[in-house]
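Novice: For reference, the structure I am asking about is given below.
Numbering (mature numbering (1 follows the signal peptide of the UniProt record, and there is no 0)), first residue to last: -34 to -1, 1 to 268.
This is how it looks when you write it as structure tokens:
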């Protein structure tokens, strides 16, 4: 019985002793681990942080203004290898170009017989300075009733307007007459062409002419063109049948079909009228003061 009790007593104290022994064994191992951690080199970790900080600082610096690889200056040979040369008319240089327009070349059914009328213009020169030629007139029953030609020098003052100056020669009606001419021509809006010209003639005679026409595109090939012309004179000229002030007017409406942009037949109507003293001169010669005509013709340019 005592032996059993002693055995139980020893067994009841065995657990604390085992725990105490385990603690004594673990203490040296824990100390050695702590010492090892204290002696560990953290330099590599600190270097990584320093590298990150360096990258952030570099990213905030201003980008270099010069290439690391120097670029040689561009030469004329380099430009010639890249850019092609354009024609003179496209780049506004001194190249000579030309243009001719038969705006009206038509037959007219007039009151006093059939008539042939023309309105021609053209130019030769560059984009800034040009020699301009204009001619218009009318033949009735094989007889020239009106004929004139103008030679003008045109100078561009804007993309849409030119100033012109030169001479005008009248052949009919009456005796030939020479005028000095100066004026303005261009486009007020797209497809609205305007010519305003003043004239100083012999014996102190003065005159002015205002012309306008507009192209109204109905389809890709069909164009309706209204036209207007007003003529003014400074004083009466009985020999040529011109009165002072507003002398004559002509309004027209022509419908053309463009077979090609350069060639287009047309039909239309034209209204002519005389005013004031000019109308009086017409009555004295048994001529009409106003006339409506059917016209058939062709418009072409090149």
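For glycine and all other residues, C-beta sits at the position ideal for the given N, C-alpha and C. Note that the structure is predicted; figures quoted are calculated from it, not measured.
#1: Taking residue 187 and residue 244 to be in contact with their CB atoms under 8 Å, please state how far apart those CB atoms are, rounded to whole angstroms.
#2: Measure the alpha-carbon distance for residue 237 versus residue 216 and round it to whole angstroms.
#3: Measuring straight from C-alpha to C-alpha, what distance separates residue 195 and residue 48?
#4: For the beta strand (DSSP E) that contains residue 109, what are its first and last residues?
#5: Measure the C-alpha to C-alpha separation of residue 193 and residue 219 and round it to an integer number of angstroms.
#6: Between which two residues does the beta strand (DSSP E) containing residue 106 stretch?
#7: What first and last residue would you give for the beta strand (DSSP E) that runs through residue 241?
#8: With DSSP collapsed to three states, give me the class of residue 134.
#9: What does the Cβ neighbour count give for residue 145, buried or exposed, with the cut at 16 atoms within 10 Å?
#10: Going by C-alpha to C-alpha distance, which of 102, 96, 113 and 190 sits closest to residue 130?
#11: For residue 214, count neighbouring Cβ atoms within 10 angstroms of its own Cβ and tell me buried if that reaches 16, exposed if not.
#12: Evaluate the contact criterion for the segment 247 to 258 versus the segment 219 to 231: three or more CB pairs, one atom per stretch, below 8 Å.
#13: Determine whether the beta carbon atoms of residue 259 and residue 75 lie at a separation below 8 Å.
#14: Please name the residue or residues paired with residue 216 in a DSSP beta bridge.
#15: From this set, 179, 112 and 148, which residue's C-alpha is nearest residue 164's C-alpha?
#16: What would DSSP say about residue 170, mapped onto helix, strand or coil?
#17: Does the segment 152 to 160 come close enough to the segment 173 to 182 that 3 or more CB-CB pairs lie under 8 Å?
#18: Quick check on DSSP: helix, strand or coil for residue 245?
#19: Could you tell me the distance, in whole angstroms, from the CA atom of residue 73 to the CA atom of residue 108?
#20: I need the boundaries of the alpha helix (DSSP H) containing residue 47, first residue and last residue.
#21: Using the DSSP secondary-structure output, state which residues sit across from residue 177 in a beta bridge.
#22: Quick one: residues in its chain with C-beta nearer than 6 Å to the C-beta of residue 267, no 5 flanking neighbours on either side, listed in chain order?
#23: Per DSSP, residue 265 forms a beta bridge with which residues?
#24: Could you give the first and the last residue of the continuous beta strand (DSSP E) run that contains residue 70?
#25: Which two residues bound the contiguous beta strand (DSSP E) that contains residue 205?
#26: Could you tell me whether any non-hydrogen atom of the ligand FAD is closer than 7 Å to the CB of residue 73?
#27: Restricting to Cα atoms, I'd like to know which of 133, 93 and 78 is closest to residue 99.
#28: Take the Cβ of residue 205 as the centre, count every other Cβ of all protein chains shown within 10 Å, and call the residue buried at 16 or more, exposed below.
#29: In chain order, what residues of the same chain have a beta carbon less than 6 Å from the beta carbon of residue 242, not counting five sequence neighbours either side?
Specialist: Answer, in terms of the structure:
#1: Not a contact, Cβ separation roughly 39 Å.
#2: 6 Å
#3: Taking the straight line joining both Cα atoms gives about 50 Å.
#4: 109 to 122
#5: 6 Å
#6: Unbroken beta strand (DSSP E) run through residue 106: 95 to 106.
#7: No beta strand (DSSP E) holds residue 241; DSSP gives it neither H nor E.
#8: strand
#9: buried
#10: 96
#11: Here residue 214 is buried: its Cβ has 16 or more other Cβ atoms, across all protein chains shown, within 10 Å.
#12: no
#13: yes
#14: Answer is 195 and 238.
#15: 148
#16: helix
#17: yes
#18: helix
#19: 12 Å
#20: That run of the alpha helix (DSSP H) goes 42 to 48.
#21: 161 and 195
#22: 67 and 228, listed in sequence order.
#23: 230
#24: 63 to 76
#25: Counting along the chain, residue 205 falls outside any beta strand (DSSP E), and DSSP gives it neither H nor E.
#26: By its list of ligands, the structure shown contains no ligand whatsoever, and the ligand FAD lies outside what it can speak to.
#27: The shortest C-alpha to C-alpha distance from residue 99 to any of 133, 93 and 78 is the one to 133.
#28: exposed
#29: 209 and 211
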